[in-house]
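Novice: In the numbering used here, the protein residues as written are 40 to 1311. Even glycine gets a Cβ: it sits at the ideal position worked out from N, Cα and C. The structure that follows is given in the form of structure tokens.
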């Protein structure tokens, strides 16, 4: 364009955004705008073409192209002349218009507009289709151009009769003169306190180009007049009324009272002369914030929104990207609203153009936002919804339109209405929401646990009530044992409504003791065995219990109890105290501690009627004749496990103390013919991955406690076709379960399993902040009423009143529990979305992060504390604490963690404490939790000292989601937990280690598990890195040194089987491969031992890449399928010997050996090298001197056979090539030299040196590509 360049201009703020989206989208053009005019009469097509050319000549900015300078800054280049695209055609105008919209504009080639004149079948009827890229023009400019186009048509293209053009560059100059600092300050203040974006579709891909669909809403004339009058009387604009209405609709859709959306402003400054007649892109999309409370009136909210927007009028020139950058939140919204108050001439259609009249106008605009709302003033206010059909259904768009209409009607007719009383639901939606949440109404007679158990005893006293360790206890025997203990308890002070504390190991005594407490009329308070001694003592005192039940395992509870203790496993004086009369249905049955935000747990008290209702709930179904008991007694799932079988004449099968792995679960389930069980989500996912058939003996399985995993559920259902798998949900405050959903017929292709529907006599309410029902598909907070509600938090009346609130939909006195869970109804089933408060669930335990923060903040060295549940790696959620110490103090993280471990149960102790100088703050001055750093688990212990330690350290790192793990650092100190220990044992077995979960708990470190290791292992030709997992293995060929140990780094990133191929010289020192082909033949034989059939995936680094290529050739020649061929910086046809020999000292230095110790590279000092390796505790130190020499000679031989190697055949599979770009020279070989020998070449550049391709960052980048290719 250099010879045709007229001007170089900057971009306006919105142009910059549109330029970004054009570059981002790449394919379709979502920002094409279009006007179609119907022209009736004897049209002169040539004159219209001339007018169009004159129009483009008249306005310089219509001749602009958009490109980037070398600095990356986008500019618009104005050409002196351009050829105006003007096509004449026939056909269907709708098809032509659609074709034009689909035809992408190249921003670098002007003009970014096209004219197409379509001749209609009817005589003297034409349609002019004008299409432009939005980066050129806004909606205000379009009617101005239309007026000028037809004026030029009448003058034969003579522009001298038109007013002088005020160029677009005048506006750009005005923008550059504005006070940027003042604008930034104004917007920063306007958005202060906005902590998260308002996203109608949070999962939508940003900037995706999708042709929108349209939905039109027309407000009748009387409503339009009333709305306009109300706005005028309130002293606000019609635009403000629309903005408030849309803000309230968004709030209802997102469950928020503070929302942000995009508002489109004209952007034409009043102090710029001639701006109203200027043509170009002036509009700007800016954040509109609507903040309300349920107590605000509509009228008051209108005035506030108007005032807040008026304060920003002088700052509309700032770009959206710059504004969003001030908040550090990224995109603030995904919906926009505009009032299209454009300067259309109402008489334009009546204008006579030499016998031609404009008899119809249709417009088309597009957007990447999920929803764009455009209002068009008139006697009847028109509102157009442009929505992305990939994100919203037509029904959802209609619902939005209906809500907007109802809010506008309320503003017009009832401005004093409080926003909390504004009803956005239609009667049909309200009825549907109520029906969704109401469980089957059974109206069961209230019962007690003791009465129901007595009925089971009377029905069949010789039936087996308990099974444990191969022994049986009948109902009569259990009843007798419980009665004896109940008399002892009475003598010790237990009685009606009296708490009895219990600290017992899982076994029959737990059930007998629990029943004994209920026989006294009291209620049991289990103390979790994981509590540290101080916490146990606190829990006992908090319970108010006069007696503590212990057994052999806890004969020494770790503290001196302040109350009487009874050993349930030892005989005692039974006494002759009479047992009281039966407890009533509303008497307490138990109290369980749950996490509390004040720093101390709270006791949830549950009555007999709720336990009895759970045991007889029809939604639970059949299959609970023999239920496995292996939850902690202090976990509310034990309520289901114990009482569902015992109150129905079934058998409770008690698992031995400790955790169950997949094999243990399968063994006890089969041996004891277990028919029903509950498993926490975390354990279920683990067993599903390792041994999904473990559940086959069961008829019914419940899982819950955290968000479920659909993939794990599908795996289990496929492996156990007769199993009825159900996802269950329920806080402790609602007696274990309130929602229940069988998965086999309802999981389908859902990404996450639904929580399901309500249990018998239970109502699930999904409400907004004003306790109004929300319709299906909209997120709200879950409240529960009906059966199952706990009495409340014992001794915490204020907290009980806060969480157990009056139920507006129930009879007088009805209560409902506020769960704090955000959910939505979808397809008739309840879906979990997020937490509304500060609680998290980890491994089934509900944890109040505030409790941990309060405990850490109580440390005398700590000034501020914060706790997060992080998910930085594949090990699942982990608690991480952050502390800012008092000035002048420097607490050790390990000391702070030990302090927490002495006060909190083990499942609440953070895996790490990070000490910071200060907490990061967001734009509102509040703690920016997203900016808190991940804990740095560094290699602070000794490195692996044997090949086995190297391998097991890699397994540790994989399970924990870490880059490296020291051999002498404990598994649990690095963030492991009981679930992770089960996964570790399984993965370790796959890697060839005999490791059990109990060994992990006992030994904890890699060194402890291996007991020193065997230095002879790890040198075989075929090195199993991971033998389990889905899919075909990836075989990784060693680099020149002959060892494949570096490939253990892939364990943390690739889920499938992995094998390394190592030089035979390491195990047979005299061996020397004669050629690359010979080495490949050797390795193919090893591959076929474990993988007789394809497809085959091969990878090689350096020399290994050449060998991998040859191996692929050999396998292909034998008729095998090659799936993936990956080379890491491997090149052929070059003399490497001289260069590579110079790198030998560098290689040794990379494993910790100084160049001075190496000596002469041609004759290295092996003894000195070995001594240095041993002093450093390096894994290479486990090699004998002859093995280290074998590594060295393998390296030399590799250089020899690669010298001059040239591929001589084709592998018709695509090659993925990773090139190390750091240190490249101009004469370095290019990956493209492989192109003639493969079925396609895909090159990825990595900013790393050749010898550091297996460092963590490079491994992560390589593995991300490999994982995608292996999946596909």
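#1: If you draw a straight line from the C-alpha of residue 561 to the C-alpha of residue 525, how long is it?
#2: According to DSSP, which residues form a beta bridge with residue 16?
#3: Would the beta-carbon of residue 506 fall within 9 Å of that of residue 691?
#4: Check whether the Cβ atoms of residue 417 and residue 263 sit closer than 9 Å, and answer yes or no.
#5: Is residue 432 buried or exposed, if buried means 16 or more other CB atoms sit within 10 Å of its CB?
#6: Would you call residue 480 buried or exposed, if buried means 16 or more other Cβ atoms sit within 10 Å of its Cβ?
#7: Starting from residue 641, trace the beta strand (DSSP E) both ways and give me its first and last residue.
#8: Quick check: what's the CA-CA separation for residue 129 versus residue 158?
#9: So for residue 166, helix, strand or coil by DSSP?
#10: Give the DSSP-derived three-state secondary structure of residue 396 in the structure shown.
#11: If I follow the unbroken beta strand (DSSP E) through residue 1161, where does it start and stop?
#12: May I have the straight-line CA-CA distance separating residue 58 from residue 323, to the nearest angstrom?
#13: CB-CB under 6 Å to residue 348, same chain, minus the five flanking residues each way: which ones, in chain order?
#14: Does the distance from the C-beta atom of residue 539 to that of residue 585 stay below 9 Å?
#15: Within 10 Å of its beta-carbon, does residue 226 have 16 or more other beta-carbons around it, so buried, or fewer, so exposed?
#16: What ranges does the beta strand (DSSP E) occupy inside the segment 501-573, keeping only unbroken runs of at least 3 residues that lie completely in it?
#17: Can you tell me whether residue 278 is helix, strand or coil according to DSSP?
#18: What does a CB cutoff of less than 8 Å around residue 701 pick up in its chain, not counting 5 residues either side in sequence?
#19: Reducing DSSP to helix, strand and coil, say where residue 469 ends up.
#20: Could you work out which residue in 160, 123, 100 and 1244 is closest to residue 79 when comparing CA atoms only?
#21: Can you tell me where the alpha helix (DSSP H) with residue 316 in it begins and where it stops?
#22: Rounding to the nearest angstrom, what Cα-Cα distance links residue 1071 and residue 860 in this structure?
#23: Buried or exposed, going by whether 16 or more other CB atoms sit within 10 Å of the CB of residue 391?
#24: Among residues of its own chain, excluding the 5 on either side of residue 588, which ones have a beta-carbon nearer than 6 Å to its beta-carbon?
#25: Just how far apart, CA to CA, sit residue 1283 and residue 857?
#26: Straight-line CA distance for residue 476 to residue 291?
#27: Do you know whose CA, among 968, 1013 and 282, lies nearest residue 932's CA?
#28: Any idea what DSSP makes of residue 890, helix, strand or coil?
#29: From residue 968 to residue 1112, what does the alpha carbon distance come to, in whole angstroms?
#30: Indicate whether residue 832 and residue 1028 have their beta-carbon atoms separated by less than 9 Å.
#31: Does DSSP classify residue 253 as helix, strand or coil?
#32: Compare the beta carbon distance of residue 498 and residue 517 with 9 Å and say whether it is the shorter of the two.
#33: Looking only at its own chain, which residues have a Cβ that is under 7 Å from the Cβ of residue 942, when we skip the five neighbours before and after it?
#34: Buried or exposed: which applies to residue 200, given that a residue is buried once 16 or more other Cβ atoms fall within 10 Å of its Cβ?
#35: Residue 373: which of 1135, 639, 768 and 239 sits nearest, CA to CA?
#36: Could you check what DSSP says for residue 182 in three-state terms: helix, strand or coil?
Specialist: Answer, in terms of the structure:
#1: 10 Å
#2: Examination of residue 16 is not possible in this model, given that the chain is present from 40 through 1311 alone.
#3: yes
#4: yes
#5: exposed
#6: exposed
#7: 641-646
#8: 5 Å
#9: strand
#10: strand
#11: 1161-1167
#12: Between residue 58 and residue 323, the C-alpha separation is close to 14 Å.
#13: none
#14: yes
#15: It is buried - the Cβ of residue 226 has at least 16 other Cβ atoms within 10 Å.
#16: 503-507, 510-513, 538-542 and 562-565
#17: helix
#18: 725, 726, 729, 730, 733, 1021 and 1025
#19: helix
#20: 160
#21: First-last for residue 316: undefined, no H or E at that position.
#22: Taking the straight line joining both Cα atoms gives about 41 Å.
#23: exposed
#24: 541, 552, 605 and 607
#25: 52 Å
#26: 19 Å
#27: 1013
#28: helix
#29: 57 Å
#30: No, the Cβ-Cβ distance between residue 832 and residue 1028 is not below 9 Å.
#31: strand
#32: Result no, Cβ atoms of residue 498 and residue 517 do not sit closer than 9 Å.
#33: 571, 573, 574 and 894
#34: Only exposed fits residue 200, as fewer than 16 other CB atoms lie within 10 angstroms of its CB.
#35: Comparing Cα-Cα distances from residue 373 to each of 1135, 639, 768 and 239, the minimum goes to 239.
#36: The three-state reading of DSSP puts residue 182 in helix, counting H, G and I together.
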